[in-house]
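These notes are about the structure you will find just below.
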Amino acid sequence: MNFSPAKAVRQLGEFWKKQGKKRQRMILALLAAVVVLSVAAAALLNHTTYAVLYSGLSSDEAGEILAKLDEMSVKTQVKDGGTVLVPKGDEARLKMQLAADGYPRSAQNYDLFTQNVDFMTTDYEKRQYLIFQLQNRLQTAIETLDGVKSAIVTISVPEDNAYVIEEDKSPATASVVLELSTAGLDKQQVSGIEYLVANSVPGLDSSNVAIIDANATLLNNPGGESAVMTDKLSIENTISQEVESKVIKLLQPVFGYSALRVAVSTTVDLNSKVSQQRTYSPTVGEGGIIASQDLMQETNDGNVGAFGIPGVASNAGTTVYPEAGAGGDGGNSSASASTNYLVNEYYEQVEKNGYEIKDISVSVLIGKPNLTDTQIAKYRQAVAFAAGVPEERISITAAEFLVADSNGELVPQETKPGLTTLIKENPIYFAAGALLLLLLIAGLVFFARKMLLKKRKPEEIEPEGLHPIGGQTPDANLPGEIVLNETRSQGLKRQIKEFSTANPDIVAQLLRTWLKEEQ
Numbered sequence: 023m024n025f026s027p028a029k030a031v032r033q034l035g036e037f038w039k040k041q042g043k044k045r046q047r048m049i050l051a052l053l054a055a056v057v058v059l060s061v062a063a064a065a066l067l068n069h070t071t072y073a074v075l076y077s078g079l080s081s082d083e084a085g086e087i088l089a090k091l092d093e094m095s096v097k098t099q100v101k102d103g104g105t106v107l108v109p110k111g112d113e114a115r116l117k118m119q120l121a122a123d124g125y126p127r128s129a130q131n132y133d134l135f136t137q138n139v140d141f142m143t144t145d146y147e148k149r150q151y152l153i154f155q156l157q158n159r160l161q162t163a164i165e166t167l168d169g170v171k172s173a174i175v176t177i178s179v180p181e182d183n184a185y186v187i188e189e190d191k192s193p194a195t196a197s198v199v200l201e202l203s204t205a206g207l208d209k210q211q212v213s214g215i216e217y218l219v220a221n222s223v224p225g226l227d228s229s230n231v232a233i234i235d236a237n238a239t240l241l242n243n244p245g246g247e248s249a250v251m252t253d254k255l256s257i258e259n260t261i262s263q264e265v266e267s268k269v270i271k272l273l274q275p276v277f278g279y280s281a282l283r284v285a286v287s288t289t290v291d292l293n294s295k296v297s298q299q300r301t302y303s304p305t306v307g308e309g310g311i312i313a314s315q316d317l318m319q320e321t322n323d324g325n326v327g328a329f330g331i332p333g334v335a336s337n338a339g340t341t342v343y344p345e346a347g348a349g350g351d352g353g354n355s356s357a358s359a360s361t362n363y364l365v366n367e368y369y370e371q372v373e374k375n376g377y378e379i380k381d382i383s384v385s386v387l388i389g390k391p392n393l394t395d396t397q398i399a400k401y402r403q404a405v406a407f408a409a410g411v412p413e414e415r416i417s418i419t420a421a422e423f424l425v426a427d428s429n430g431e432l433v434p435q436e437t438k439p440g441l442t443t444l445i446k447e448n449p450i451y452f453a454a455g456a457l458l459l460l461l462l463i464a465g466l467v468f469f470a471r472k473m474l475l476k477k478r479k480p481e482e483i484e485p486e487g488l489h490p491i492g493g494q495t496p497d498a499n500l501p502g503e504i505v506l507n508e509t510r511s512q513g514l515k516r517q518i519k520e521f522s523t524a525n526p527d528i529v530a531q532l533l534r535t536w537l538k539e540e541q
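The numbering of the sequence shown is this note's numbering, which starts it at 23 and goes up by one.
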């Protein structure tokens, strides 16, 4: 079928002419509503509402913050007075990220003035409103950090009394109580929270900020033993929970959650290590380049001439024995050599500041006492691959779980098997259920199709010319008995007769039209 634009336009025009004025107005109103809604939706989607990120910044720091936000692909606006605007809803997250980088340095983190203060509010009430607003804003910003579920911020600011000596003034303090998730916080994130709170309150020093978790453990104690132990326990718990989650995710579809218990023990080492290594290697072949060489050789043949003065006897009283001549065995010789070579020297120093997993073990208890040793070995191998733990450090025990009944007696637990186990144990029931479901769907489809055909059948038997002219169905006002007993031809005759009686002018016009067409 070839598509013709002219034909499509003509068909569209014919369709429009066939519609009544009321329907045309409805179509135009619908099209106008669609256009208006589309324009409004586009305007709303493209419109960005901005909120104050920082105010009172210096020009240099404002430029640094804008450059940092551009690197983060964040839309920004700048106003007078060192005010930086960002899309509304992102200010808490952006303040947290910028606080970790040390911003801002020349102004407070928040606009602390409450818009609900009127002229009847006292100075003390304004001050309290500002503190309350600041606490809420800080809580919102901290809760955007990964690893934090909730936060409670309490700020104590001393009264600004001009009559109090500067040395006697109490310093501003702040405390932050955090409910942490399993991921926890690292030292850099804790330092970021401390820096954020300290720079949000005028006169607040970072040393007067206390950050604790839900277990009352101080998190921002730099260099302290408690901080080291907190980091160690946090890392060990995080690793153990990740491994446990992997094992449960692997075995739960097979045994069900109620028949599965997993425990992981992890030990990490946080000690910093510095290792040094010095390596020598030849520069040429198996040796090296000769830097210097010393050779020395000494020879003595043993030949000595006559001793004393000829013809004069010696009065020393010492017997003198002549030495062997040239042909004797008294000669000796010695030789030595010293050579210095140039070689390659490689010096390496490695410092490790992270953590090292010293030991990890996994214990799995399965509430299926009928497991064979072969099955347990296969599950142990699967757990080793999934958790990344050596197979010899994995223990799997199959036992029957016991629970206390209403009388306090221990009885076997009714475990809920996984879907895979149910299918394997009851394949016939699942096949029958799947077949029944298919039959039910087919029956619904057949019934719906039959009802649709039943609704279309009266429309197909209606006279094509009478329905549009009358404005309603021919059988709408007829008694049910007549419609059921008369034939189709009788019904048509009766409808034509009733129509001609009720609308004589229309019938006359139709007859005149037919006569003109025949002529």
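All residues carry an ideal CB built from backbone N, CA and C; glycine is no exception.
- Around the beta carbon of Pro126, 16 or more other beta carbons lie within 10 angstroms, which makes this residue buried.
- Listed in chain order, the beta strand (DSSP E) elements of length 3 or more contained wholly in the stretch 45 to 109 are 72 to 76, 99 to 101, 105 to 109.
- Separation of the CB atoms of Val411 and Val265 is rounded to 7 Å, and the pair is thereby assigned contact status at 8 Å.
- Where Lys380 is concerned, the enclosing beta strand (DSSP E) starts and stops at 378 to 388.
- By DSSP's assignment, Ala357 forms a beta bridge with Gln319.
- The beta-carbon distance between Thr176 and Gln157, rounded to whole angstroms, is 7 Å. This is short enough to meet the 8 Å contact definition.
- Here Arg159 is buried, its C-beta having at least 16 other C-beta atoms within 10 Å.
- Asp168: not part of any beta strand (DSSP E); DSSP gives it neither H nor E.
- With a 10 Å radius around the Cβ and a threshold of 16 neighbouring Cβ atoms, Ser360 comes out exposed.
- If the five residues before and after Thr195 are omitted, its C-beta is found closer than 7 Å to the C-beta atoms of Ser178, Asn230, all from its own chain and listed in chain order.
- If you compare the alpha carbons of Pro180, Leu393, Val212, Ala236 with that of Val223, the shortest gap goes to Pro180.
- A straight line joining the alpha-carbon of Ser267 with that of Glu370 spans about 40 Å.
- Relative to Leu120, the option among Thr523, Gly104, Leu88 whose CA is nearest is Leu88.
- Cβ-Cβ distances below 7 Å link Thr98 to Leu88, Leu91, Val106, Leu107, Val108 in the same chain, with the five nearest sequence neighbours on each side left out; the list follows chain order.
- Ser81 has its alpha-carbon roughly 32 Å from the corresponding atom of Val198.
- Cβ contact annotation for Lys110 (same chain, cutoff 7 Å, sequence separation greater than five): Thr71, Tyr72, Ala73, in chain order.
- Residue environment analysis places Gly35 among the exposed positions, since fewer than 16 neighbouring C-beta atoms fall within 10 angstroms of its C-beta.
- Take Val269, set aside five residues on each side of it, and the residues of its chain with a beta-carbon closer than 7 Å to its own are Val284, Val384, Val386, Val405, Ala408, Ala409, in chain order.
- Residue environment analysis places Asn242 among the buried positions, since at least 16 neighbouring C-beta atoms fall within 10 angstroms of its C-beta.
- Scanning Lys390, Arg415, Ile450 for the CA closest to the CA of Ala421 turns up Lys390.
- Per DSSP, the beta-bridge partners of Ser178 are Thr195.
- Under the DSSP assignment, Arg283 falls in the beta strand (DSSP E) whose first and last residues are 282 to 291.
- By the neighbour-count criterion, in which a residue is buried when 16 or more other Cβ atoms sit within 10 angstroms of its Cβ, Phe277 is buried.
- The beta carbon of Gly103 lies closer than 8 Å to those of Ser77, Gly78 in the same chain, with the five residues before and after it left out.
- Within 10 angstroms of the beta-carbon of Val170 lie 16 or more other beta-carbons, which makes it buried.
- Here Gln41 carries a coil assignment [DSSP, helix/strand/coil].
- Exposed is the label assigned to Lys538, since fewer than 16 other Cβ atoms lie within 10 Å of its Cβ.
- The C-beta distance from Glu113 to Leu152 rounds to 18 Å, too long to fall under 8 Å, and the pair is not in contact.
- Within the same chain, Cβ atoms closer than 6 Å to the Cβ of Ser192 are found at Pro180, the five residues on either side in sequence being excluded.
- Counting other Cβ atoms within 10 Å of its Cβ, Thr321 stays below 16 and is therefore classed as exposed.
- A Cβ-Cβ distance of about 12 Å is found for the pair Ile382 and Thr260, leaving them out of contact under the 8 Å criterion.
- As computed with DSSP, Ile416 is found in a beta bridge with Val384.
- For the 9 Å CB-CB criterion, Tyr377 and Lys254 form a contact.
- In the structure shown, Ala530 adopts helical secondary structure according to DSSP, grouped into three states.
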